[in-house]
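Undergrad: I'd like to ask some things about the structure below.
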């Protein structure tokens, strides 16, 4: 199993550009999520999905869109990049239950710089 | 709302010292899960341990041990005889409910000097 994969690993954007960060998992996990990591802030949840066709907002959703058309893929779209979106982005997946009991498996991260 | 506090931001120790990383959580739920993750300098996030709210037994895994105390809402992590390879950022996290949303603390940067 490849686990959770993310592409690209690095990206530089100019303010106002749009792009999609890709995330895929091959573990048939129902739950997928996107986090951003900023210095001194820990990881903050952007969006998450509990299954194909179902998405919801996390703590910091503004400026980002997601969709979940398949179990495997959960892309994150930046609509109009801003310098405040400079961050490291992690995708994660896990099995889903009613208790939140499973550990999440994280991808390697995408380092995004917006100039 | 859930909250996880890691009051220590940076800790520096000399190899072979013991070190404890503190984690305090806030929750209104009776069923919840607590986690520790490690982020080494290479950047990936590595799962270390999960503990549910009904299991207050301490856990030991090699040089690592965890102390969960509901009375003080704490889930502390101790590394015994620290090694340089333990240098990393350590995150405590909380999860509850069907949405499995993880709430992370801000992380503790541990530096182990030779």
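Chains as they are written, first to last, in the working numbering: chain D, 1 to 115; chain P, 1001 to 1114. Heads up, the beta-carbon is just placed ideally off N, CA and C, and yes, glycines get one too. Since this is a predicted model, take the numbers as computed values, not measurements.
(1) Beta-carbon separation of residue 43 of chain D and residue 1075 of chain P under 7 Å?
(2) Can we say the region 78–85 of chain D touches the region 1053–1064 of chain P, given the rule of at least three CB pairs closer than 8 Å?
(3) Going along the region 1087–1102 of chain P in order, which residues come within less than 7 Å of chain D, judged by CB to CB distance?
(4) Listed in chain order, which residues of the region 22–45 of chain D have Cβ atoms closer than 7 Å to some Cβ of chain P?
(5) Going along chain D, which residues have a C-beta under 7 Å from residue 1025 of chain P?
(6) Could you check if residue 110 of chain D is buried or exposed, using at least 16 other CB atoms within 10 Å of its CB as the buried criterion?
(7) Along chain P, in chain order, which residues have C-beta atoms closer than 9 Å to that of residue 102 of chain D?
(8) Please report the distance separating the alpha-carbon of residue 16 of chain D from that of residue 63 of chain D.
(9) Got a sec, what are the start and stop residues for the beta strand (DSSP E) residue 1039 of chain P sits in?
(10) Name the chain P residues that come within less than 7 Å of residue 90 of chain D, Cβ to Cβ?
(11) Taking only three categories from DSSP, how would you classify residue 20 of chain D?
(12) Look at the alpha carbon of residue 1100 of chain P and the alpha carbon of residue 89 of chain D, and state the distance between them as a whole number of angstroms.
(13) Let me check understanding here. Comparing Cα to Cα, which of D:94, D:112 and D:103 lies closest to residue 30 of chain D?
TA: So, from the data block:
(1) As a first step, residue 43 of chain D must be located in the first chain, where it is residue number 43. As a first step, residue 1075 of chain P must be located in the second chain, where it is residue number 75. Contact: no.
(2) no
(3) 1091, 1095, 1096, 1097, 1098, 1099, 1100, 1101 and 1102
(4) 31, 40, 41, 42, 43 and 45
(5) By one-based count along the second chain, residue 1025 of chain P stands at place 25. Within chain D, no residue comes near residue 1025 of chain P; the closest Cβ sits about 13 Å away, beyond 7 Å.
(6) By one-based count along the first chain, residue 110 of chain D stands at place 110. Result: buried.
(7) As a position in the first chain, residue 102 of chain D is number 102, starting the count at 1. Simply 1033, 1050, 1095 and 1100.
(8) For the purposes of this step, residue 16 of chain D is taken as the residue at position 16 of the first chain. For the purposes of this step, residue 63 of chain D is taken as the residue at position 63 of the first chain. Taking the straight line joining both Cα atoms gives about 11 Å.
(9) The residue you call residue 1039 of chain P lines up with position 39 of the second chain. Residues 1033–1039.
(10) As a working mapping, residue 90 of chain D is identified with position 90 in the first chain. Neighbours of residue 90 of chain D on chain P, chain order: 1045.
(11) Your numbering for residue 20 of chain D matches position 20 in the first chain. It is a strand residue.
(12) As a first step, residue 1100 of chain P must be located in the second chain, where it is residue number 100. As a first step, residue 89 of chain D must be located in the first chain, where it is residue number 89. Cα to Cα, residue 1100 of chain P sits roughly 19 Å from residue 89 of chain D.
(13) Numbered from 1 along the first chain, position 30 holds the residue referred to as residue 30 of chain D. Out of D:94, D:112 and D:103, D:94 has the C-alpha closest to the C-alpha of residue 30 of chain D.
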